[in-house]
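S.K.:
Numbering (the numbering used here), first residue to last: 48 to 755.
1) Which residue spans inside the region 682 to 741 form an unbroken alpha helix (DSSP H) run of at least 4?
2) Would you say the region 527 to 538 touches the region 564 to 579, given that touching needs at least three Cβ pairs under 8 Å?
3) Take residue 286 and list the residues in its own chain whose beta-carbon comes closer than 8 Å to its own, dropping the five residues that flank it on each side.
4) For residue 553, which three-state DSSP category applies?
5) Which one of 141, 540, 598 and 509 has the shortest CA to CA distance from residue 496?
6) Taking only three categories from DSSP, how would you classify residue 634?
7) Mind checking who residue 389 pairs with in its DSSP beta bridge?
8) For residue 107, name the three-state secondary structure that DSSP assigns.
9) Pair every Cβ in the region 351 to 362 with every Cβ in the region 108 to 115, then say whether three or more of these pairs are closer than 8 Å.
10) Just mark residue 86 as buried or exposed, buried being the case when its beta carbon has 16 or more other beta carbons within 10 Å.
11) Looking at the C-beta of residue 172, does it have a partner C-beta in chain D at a distance below 9 Å?
12) Which of helix, strand or coil does DSSP assign to residue 755?
13) Is residue 507 helix, strand or coil by DSSP?
14) For a quick check, are the C-beta atoms of residue 546 and residue 504 less than 9 Å apart?
15) May I have the straight-line CA-CA distance separating residue 685 from residue 624, to the nearest angstrom?
16) Which partner residues does residue 252 have in the DSSP bridge list?
17) Anyone know if the C-beta pair for residue 628 and residue 693 falls short of 9 Å?
18) What residue ranges within the region 449 to 517 form continuous beta strand (DSSP E) runs of no fewer than 3 residues, ordered along the chain?
19) Distance, Cα to Cα, residue 648 vs residue 663?
20) To the nearest angstrom, how far is it from the Cα of residue 715 to the Cα of residue 656?
21) Enumerate in chain order the residues of its own chain whose CB-to-CB distance from residue 543 is below 6 Å, with the five nearest sequence positions on each side excluded.
22) If you reduce the DSSP assignment to three classes, tell me which class residue 650 lands in.
23) Helix, strand or coil: how does DSSP classify residue 16 here?
24) Since residue 219 is in the beta strand (DSSP E), which residue starts that stretch and which ends it?
25) Can you tell me where the beta strand (DSSP E) holding residue 199 begins and where it ends?
26) Is it the case that the Cβ atoms of residue 626 and residue 680 are separated by a distance below 9 Å?
27) Does DSSP classify residue 750 as helix, strand or coil?
28) For residue 378 and residue 100, which I take to be in contact (beta-carbon distance under 8 Å), what is that distance rounded to the nearest angstrom?
29) With a threshold of 16 other CB atoms inside 10 Å of the CB of residue 520, please say whether the residue is buried or exposed.
30) In or out: residue 456 buried (at least 16 other Cβ within 10 Å) or exposed?
Below, the structure is given as structure tokens:
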């Protein structure tokens, strides 16, 4: 029988004797692949370059760190020496002023001329004091060297205000205000440091103030004598900064300007830039000396980075030159080494490239080093095994075509059997009165039987491959989603549901069966849905019959109990009055005995109709058993509304009734119990209504009584 499946091509038998393009030796074009020698040379050069680069970086980092440490140590030593000189000098001036203030001559305020002469003599010996003077207790200058500011009120000056508290005062550097025009002119403006010593009497009361203005040129002289020569040789600057960071001593172009400083790094080294020049700087705060408290000055010594790191830059140039020289020397050495290492492999590759087939002849034995010899031996062994495999392959190829044909026929028969089996399964599935489907893990429909067309009004082929929510709609999908997720989690689901599709409402029993793979994962879900609408309809009808009195059509005792419970709950929520009436036909047993049970049933139906006609549509009338009825009234405004209904029912029931040519007069006894929203239960309320009913019967029947 001819087959519809094409046979695979039969591999051609090897042709060791013939030559073809595929058998010819392959020689890659020059430049398409780098040789092993070039790779080895490049790797050696790269290793040397990396080693040189790492060494150079390490040496450079160490050298820079060492240069920075030397710079900070040198700068810090200069700053500390300068700071100590300033502190000791200021302490000496402070001490001199305190000693002068203790002289008895300056405590005699009755002879200002003698004070002035003494001050003139002191100024000759202490020429760094630009002004010396004594004031009275009100701040008026009594006597001053050279008569400067005699009689002037200096009580507003900070030095006088500081001394009037009773403690010696030392003021920061400031410009001359009152003395600028009185002192001799000089190249730069006058600036002073103020000293003020309070002059106290024996009782500690302020008599006056001994004040001096120390010329700031004194500090410039210390700087010139102590460190200017050193700073010039190192191209460095020394500055003194006030508390606010303003330069009070230093280069002329910087004095009076604020010096911005960066944060310290490394060994207390600061970096800052000024005038386009980057500096290393070290700052040392003043500490005072002895009784001199200090003024919070900061000594800043800075040096250009290019000057501080001159030795480092020279070393870096030498490192670069050395690295370039070593790299240049390593080029021929690496090339020679690479050629030496690759020569045995080159010989072996040339021998392989000259043959058409690996198994033709024995390869030459290659030496040079151990790995090349091992590779040569392994290739010879491989060539021997290849020759044996070629012979086996030729024998196998002779019978391969027959085996392939036989296997193809077997596969074709198996496919025919599988197709027949699938047709049988499809026929069975399409004729079952259930909806069968398969939903994959992505919730897409992959199989549907013919029942889908009847139930959904859509061809199964149109739904295949589409998401379930798109096919059945979002409402039905939302109902089934929890069960579908449970089945996809590997748990079999069974549930009842009601849905409407294609204009038909159906009650269905659905079962979702997980398709579990061997590894435990879930590939999808098989679904089976059975239409149980007829069974559910019968069940609902039976439930309805179990709750309705068949004679009068009224709710029976079972339904009354649930309605009374619901009515009481509503009354508790709303707080409105509820009434329960217990009704009993008077002398009903005599009607049954005289006229028969058929007449009794007719009387019960008439009684039920008359009571229904006398009450509201929202009131609930139920038959408990025999001639016992109950009536539930909700949303009443008062007890009188309940008794009015009871009276209305009595009147409606008393109308004459003709039955079997006999006129009957009906009457009923009614017990009324009211509920005002309290916690009273159904049993208690029904008991009170029953007691009221017996009270009505005891009163002669045909009346109503209200329970307490």
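We put the CB at the ideal spot given by N, CA and C, even for glycine.
M.R.: Straight from the coordinates:
1) 686 to 700
2) yes
3) Reading the chain shown from its first residue, position 239 is the one you call residue 286. These residues qualify, in order along the chain: 294, 296, 297, 298, 301, 306, 346, 347, 348 and 349.
4) Counting from one through the chain shown, the residue named residue 553 turns up at place 506. Three-state DSSP puts residue 553 in a strand.
5) The count along the chain shown starts at 1 and reaches residue 496 at position 449. The shortest Cα separation from residue 496 among 141, 540, 598 and 509 belongs to 509.
6) Here residue 634 is taken as the residue at index 587 of the chain shown, counted from 1. Three-state result, residue 634: coil.
7) In the chain shown, residue 389 corresponds to position 342, counting from 1. Answer by DSSP bridge pairing: none, since residue 389 is not bridged.
8) For the purposes of this step, residue 107 is taken as residue 60 along the chain shown, with counting starting at 1. Reduced to three states, the DSSP call for residue 107 is helix.
9) yes
10) What you label residue 86 is simply residue 39 of the chain shown in a count that begins at 1. By the neighbour-count rule (16 or more Cβ atoms within 10 Å), residue 86 is not buried but exposed.
11) Protein chain content of the structure displayed is limited to a single chain, and chain D is not contained in it.
12) Here residue 755 refers to the residue found at position 708 when the chain shown is read from its first residue. Coil, per DSSP.
13) Indexing the chain shown from 1 puts residue 507 at position 460. The answer is helix: DSSP assigns residue 507 an H, G or I state.
14) As a first step, residue 546 must be located in the chain shown, where it is residue number 499. As a first step, residue 504 must be located in the chain shown, where it is residue number 457. Cβ distance not < 9 Å, so residue 546 and residue 504 don't count as in contact.
15) On the chain shown, position 638 is the one that residue 685 refers to. On the chain shown, position 577 is the one that residue 624 refers to. Going by the C-alpha atoms only, they are around 7 Å apart.
16) Numbered from 1 along the chain shown, position 205 holds the residue referred to as residue 252. Note: residue 252 sits in no beta bridge, so no partner.
17) Here the question's residue 628 lines up with position 581 in the chain shown. Here the question's residue 693 lines up with position 646 in the chain shown. Closer than 9 Å, so yes.
18) 481 to 487 and 492 to 495
19) The sequence position of residue 648 within the chain shown is 601, counting from 1. The sequence position of residue 663 within the chain shown is 616, counting from 1. About 24 Å.
20) For the purposes of this step, residue 715 is taken as residue 668 along the chain shown, with counting starting at 1. For the purposes of this step, residue 656 is taken as residue 609 along the chain shown, with counting starting at 1. The alpha-carbon atoms of residue 715 and residue 656 are separated by roughly 14 Å.
21) The sequence position of residue 543 within the chain shown is 496, counting from 1. For residue 543, where only same-chain residues beyond five positions count, the Cβ hits under 6 Å are 556.
22) The sequence position of residue 650 within the chain shown is 603, counting from 1. Reduced to three states, the DSSP call for residue 650 is helix.
23) A query on residue 16 cannot be resolved here, the shown segment of the chain reaching from 48 to 755 and no further.
24) Locating residue 219 in the chain shown gives position 172, counting from the first residue. Premise fails: residue 219 is in no beta strand (DSSP E) and is neither H nor E.
25) Start at 1 with the first residue of the chain shown, and residue 199 comes out as number 152. Run containing residue 199: none; DSSP gives neither H nor E here.
26) The residue labelled residue 626 in the question sits at position 579 within the chain shown. The residue labelled residue 680 in the question sits at position 633 within the chain shown. Their beta carbons are under 9 Å apart, which means residue 626 touches residue 680 by this criterion.
27) Against the chain shown, residue 750 aligns to sequence position 703. Correct three-state label for residue 750: coil.
28) Residue 378 sits at position 331 when you count from the first residue of the chain shown. Residue 100 sits at position 53 when you count from the first residue of the chain shown. About 16 Å; that fails the 8 Å criterion.
29) On the chain shown, position 473 is the one that residue 520 refers to. The residue in question, residue 520, is exposed, as its Cβ has fewer than 16 Cβ neighbours within 10 Å.
30) By one-based count along the chain shown, residue 456 stands at place 409. So residue 456 counts as exposed.
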